[in-house]
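At position 216 of the sequence shown the residue is numbered 222 (this note's numbering), and the sequence of numbers has no breaks.
Reading through the C-alpha cells given below for one structure.
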Amino acid sequence: LLLEPESREHVARVQRFVREQRIPLVVIGRGTNLLFDDAGVHGVVMKIGEQMGGIRISGQKIIAGGGVWVPQLARLSMRAGLTGLEHTIGIPGTLGGLVMMNGGSQRKGIGENVTRVSIVDAEGATCRLSREDCAFSYRHSALQGSGSVVVEVELCCPQGNLAKVRSEMINDLRTRRRKFPRKQPNCGSVFLSTAEMHASVGPPGKIIEDAGLKGMRIGQAEVSQQHANFIVNLGGASSADVLTLIRHVRQKVRERIGFELDCEVCYVSPDGMLLPAHIKADKQPQ
C-alpha cells in the first residue's frame, strides 16, 4: 500500500495506525539510495512528496517541508542571495531523506546548515530537534533507524555572492552530467567515501576502477563504465544481481588494498527493514 500524506497530522495518524496494527512501514522520498527487494514491501510505503514541500525564506533562515525537492531548494536559496547549499544542487532526492542521512556532495553534509528538525516519531508524536539532537556525522544522523519521519527542516544559510554561488552550481551540474550515469537506472552512489580512505587511497570510484572492476557484471547489473561508484541496471536486473555485485566488489577491493567498502545505498527488505546494502550483500551466495 502506497500512501502520500498531505500534512504532519496525516503522517502522525499513519504512524499510530501501523504501530497499533503491527504493520511494516517504509518511509521514502524519491527513493534515492534505496535498493528494494524484488519481492517488494509487505506493508505500507509512505511517500513524503510535494504535498509536504513548502519553502519559506526570511533573511538567512529557510523553513522547508520534508518533501521538498532538493535541487529546487538549492535554486531558491541561490535566488535569495544565500550560500551553503551549492553542493546539493544535483542531488535527486527530497529534503527529509537528505537530512536523515546527512547527505550532500563534495564531502559536505546538509547538517552543516540545519538548525532545527521537526519530526513525527514512531509513536505519532511531533517533536522539534536541535542540530545537536540530530548528532550529524558523515552520511549519518541520530534519526536513522529511529522510525521517525522528517516533516520540516529549518536551515540557516549566510549571505553569499550571487554570481559565485550560481557559477558553483552550474559547474557542479556540468560535472555530474559528465561523470555520472544519468541515463541508466541506478541507486546513486553505492559506497561511502570515508575520510580515512579518501586521504590514503582516494574515493570509492577510483579504488574500484583501479581494481579493474569497471564494467564488471552480474546478471543485468553492471559497475558503471562511466563512474565506478555506480551500479547500473542494464534491463531487468534483480536486487540479487545488485547485491551479489556489491559483494564481489567489496571482496576484490578488500583483497587488493585491505579497505572495507561500506555502502551508502540501503537495502529495503520485504518486511520493511532498512539496512546498509553491504550487510545484506555479504549474505549472498558465493
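Where is the CB? At the ideal position from N, CA and C, for every residue including glycine.
Nothing here was measured: the structure is a model prediction, and the numbers come from that model.
Pick from the options that is closest to residue i, judged by C-alpha positions
i: V51; options: L149, C163, S275; result: S275
i: W75; options: T94, N167, Q150; result: T94
i: N39; options: G49, A246, Q231, G194; result: G194
i: L281; options: Q27, E10, H204, D43; result: D43
i: G73; options: K53, Q66, G87; result: K53
i: N167; options: G49, M84, F23; result: M84
i: Q226; options: G208, N192, G218; result: N192
i: N119; options: D216, P11, G90; result: G90
i: L9; options: E228, G49, I237; result: G49
i: Q78; options: Q57, M58, T100, G87; result: T100
i: E12; options: Q27, Q57, I29, V47; result: Q57
i: T200; options: G59, Q27, V47, K114; result: K114
i: S206; options: R180, A246, G264; result: G264
Distance, residue j Cα to residue i Cα
i: M106; j: S147; result: 6 Å
i: G71; j: G242; result: 35 Å
i: I63; j: G221; result: 45 Å
i: V33; j: R25; result: 14 Å
i: R182; j: E92; result: 13 Å
i: Q190; j: I213; result: 22 Å
i: V248; j: A283; result: 9 Å
i: R172; j: G211; result: 27 Å
i: E174; j: A80; result: 11 Å
i: S143; j: G110; result: 12 Å
i: I224; j: T250; result: 7 Å
i: R253; j: R262; result: 14 Å
i: G55; j: I69; result: 16 Å
i: A45; j: L7; result: 14 Å
i: Q27; j: L161; result: 36 Å
i: A169; j: D178; result: 14 Å
i: M203; j: P209; result: 7 Å
i: K286; j: R137; result: 31 Å
i: V47; j: A128; result: 18 Å
i: R180; j: T121; result: 30 Å
i: L152; j: G130; result: Note that residue 152 is Ser in the sequence shown, not Leu. C-alpha separation (whole angstroms): 12 Å.
i: N239; j: V255; result: 16 Å
i: Q112; j: I176; result: 14 Å
Cβ neighbours of residue i in the same chain (closer than 7 Å, five flanking residues each side left out)
i: V126; result: R14, V17, A18, Q21, T132, S154, V155, V157
i: V123; result: V105, L135, C140, V156, V159
i: L31; result: V24, G49, V50, M52, G278
i: L82; result: I61, I63
i: C163; result: Q66, I68, S83, L88, T89, G90, L91, N119
i: S245; result: L41, F42, D43, D44
i: A86; result: I63
i: R260; result: E266
Distance between beta carbons of residue j and residue i, contact taken as under 8 Å
i: D288; j: L198; result: That pair is no contact at about 15 Å.
i: G102; j: G35; result: 6 Å
i: R145; j: E270; result: 6 Å
i: Q165; j: Q66; result: 7 Å
i: K258; j: A217; result: 5 Å
Nonlocal neighbours in the same chain, by C-beta distance under 6 Å from residue i, ignoring five residues either side
i: Q292; result: none
i: I97; result: V76
i: A234; result: G211, I214, E215, K220
Same chain, Cβ closer than 8 Å to residue i, neighbours up to 5 away in sequence not counted
i: I237; result: N192, C193, V196, A227, E228, V229, S230, V248, L251, I252
i: C272; result: N39, L40, L41, L280, L281, P282, A283
i: R188; result: R182
i: Q150; result: M106, M107
i: I29; result: F23, G49, V50
Minimum Cβ-Cβ distance from residue i to chain D less than 8 Å
i: L168; result: Reference to chain D is not applicable here, since this structure consists of a single protein chain.
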